[in-house]
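Asks: Residues are numbered in the working numbering as their position in the sequence shown, beginning at 1, plus a constant of 167.
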Amino acid sequence: MKIDEDGVTFTSHWDGSQHRFTPEKSMELQWDLGSDIHIAFDECAPFPTTHDYAKKAMDRTHRWAIRSLAMHKRCHGINYQALYGVVQGSVYEDLRKESARFTSALDVDGFAIGGVAVGESKKEMVQVLDWVMPMLPDDKPRHLLGVGEIDDIIPLIAHGVDTFDCVQPTRLARMGIVLTKGGEISISKKEFEEDVQPIDKTCQCYTCKNYSRAYIHHLFHVRELLGYRLATIHNVFFVHILVKEIRDIIKKGGSVYGVK
168 MKIDEDGVTF TSHWDGSQHR FTPEKSMELQ WDLGSDIHIA FDECAPFPTT HDYAKKAMDR
228 THRWAIRSLA MHKRCHGINY QALYGVVQGS VYEDLRKESA RFTSALDVDG FAIGGVAVGE
288 SKKEMVQVLD WVMPMLPDDK PRHLLGVGEI DDIIPLIAHG VDTFDCVQPT RLARMGIVLT
348 KGGEISISKK EFEEDVQPID KTCQCYTCKN YSRAYIHHLF HVRELLGYRL ATIHNVFFVH
408 ILVKEIRDII KKGGSVYGVK
């Protein structure tokens with residue numbers, strides 16, 4: 168991968184072919200995909216990184232945000248598609264606050280906080296939110312890029328995060344790990360070989376209403392693709408219900424920590 172002022176050149180690991188992406192190309196692709204939310208083209212600095220490089224990446228992200236916004240306004244789709252500006256700055260307070268000020272002044276529909284899932288500790292991630300969240304408008308959504316593990320969702324929402332994107336529910340499903348109110352279950356373990364209960368008795372997903380732990384255990388044992396699909400359906404549904412319960416509590420004026 169090569170980054171320059173105009174954009175990024177990627178080399179395919181499949182055939183070695185090169186692919187060029189710019190802020191304008193990124194916007195065109197996201198419009199063509201029909202995604203509800205577009206993310207401005209940005210540079211996510213690696214972790215750890217120096218203050219000098221983090222600033223360089225942040226400044227480029229800001230310039231690319233202006234180009235992304237201009238292209239976004241020129242594109243047209245059947246349905247309106249939102250654009251989020253990205254806050255960068257690694258783990259440096261001055262850079263994070265500078266980026267939050269710059270991005271919040273843009274004519275965008277929401278904000279994405281980037282660079283918080285590249286190797287830093289959870290303590291550092293929360294510190295970044297403490298710096299950034301008070302500086303972002305309350306009337307626009309705040310999205311945390313690449314974060315959303317089950318144990319993180321409630322405390323991060325308490326910090327003001329509205330939405331997340333994370334592969335954990337599907338990744339765990341591929342590993343045979345399913346989510347329940349009592350914690351994670353490794354469905355491929357022998358103890359579930361004759362367990363006729365659903366994955367989670369309280370769950371109303373398609374998997375839990377139609378299949379037992381024993382059957383899903385068998386599917387993973389023989390490496391039948393249906394097993395991965397059923398585990399994925401359950402895990403995604405579990406996260407959906409968890410966030411719905413949090414949302415309902417917030418609407419009633421309660422604490423997100425009241426969700427069990």
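All residues carry an ideal CB built from backbone N, CA and C; glycine is no exception.
1) Can you tell me whether DSSP reads Ala-212 as helix, strand or coil?
2) For Gly-277, write down the residues that DSSP places opposite it in a beta bridge.
3) With H, G and I counted as helix, E and B as strand and the rest as coil, what does DSSP make of Gln-185?
4) Whole angstroms are fine: how far does the CA of Pro-301 sit from the CA of Ala-272?
5) Can you give the beta carbon distance from His-205 to Ala-249, rounded, assuming they're within the 8 Å contact cut?
6) Which value, in whole angstroms, describes the spacing of the CA atoms of Asn-329 and Phe-387?
7) What's the C-alpha gap between Glu-398 and Ser-288?
8) In whole angstroms, what separates the C-alpha of Asp-171 from that of Arg-414?
9) Apart from the five residues just before and just after Lys-264, which ones in its own chain have a Cβ nearer than 7 Å to its Cβ?
10) Relative to the C-alpha of Arg-234, which residue among Ser-379, Gly-256, Leu-200 and Pro-190 is closest?
11) Along the chain, where does the beta strand (DSSP E) that runs through Glu-351 open and close?
12) To which residues of the same chain is Thr-369 closer than 7 Å at the C-beta, ignoring the five residues directly before and after it?
13) Is it right to say Ser-428 is buried, meaning 16 or more other beta carbons lie within 10 angstroms of its own, or is it exposed?
14) With three or more C-beta pairs closer than 8 Å as the rule, is the segment 327-341 touching the segment 307-317?
15) Of all the options Asp-362, Phe-405, Asp-226 and Glu-412, which has the alpha carbon lying nearest to the alpha carbon of Ser-379?
16) Quickly, what does DSSP pair Ile-204 with across the bridge? List them, please.
17) From this set, Val-426, Phe-214 and Ile-280, which residue's C-alpha is nearest Val-253's C-alpha?
18) Can you give me the C-alpha to C-alpha distance between Ile-417 and Val-403, rounded to a whole angstrom?
19) Candidates Tyr-220, Val-293 and Arg-268: which alpha carbon is nearest Pro-429's?
20) Could you tell me if Tyr-259 is buried or exposed, where buried requires 16 or more neighbouring beta carbons within 10 angstroms of its beta carbon?
21) What is the DSSP secondary structure of Leu-346, reduced to helix, strand or coil?
22) May I ask you to list the residues that DSSP assigns as paired with His-310?
23) Based on Cα-Cα distance, which residue from Gly-394, Pro-308 and Tyr-382 lies nearest to Thr-337?
24) Drop a sphere of 10 angstroms on the beta-carbon of Lys-376, count the other beta-carbons inside from all chains shown, and report buried for 16 or more, exposed for fewer.
Replies: According to the data block:
1) coil
2) Tyr-251
3) strand
4) 14 Å
5) 7 Å
6) Reading off the sequence, residue 329 comes out as Asp, not Asn. Computed Cα separation, rounded: 35 Å.
7) Note that residue 398 corresponds to Ala in the displayed sequence, not to Glu. Spanning the two alpha carbons is a distance of roughly 29 Å.
8) 42 Å
9) Cβ neighbours of Lys-264 beyond the five flanking positions: Trp-298 and Met-302.
10) Pro-190
11) 350-353
12) Lys-348
13) Residue 428 falls outside the range modelled here, since the chain spans only 168 to 427, and no answer is possible.
14) yes
15) Asp-362
16) Ala-249
17) Of the candidates Val-426, Phe-214 and Ile-280, the one whose C-alpha sits nearest the C-alpha of Val-253 is Ile-280.
18) 21 Å
19) The requested residue 429 does not occur in the structure, where the chain is confined to residues 168 to 427.
20) Answer is buried; the Cβ neighbour count reaches 16.
21) Leu-346: strand per DSSP, three-state reduction.
22) Ala-279 and Thr-330
23) Gly-394
24) exposed
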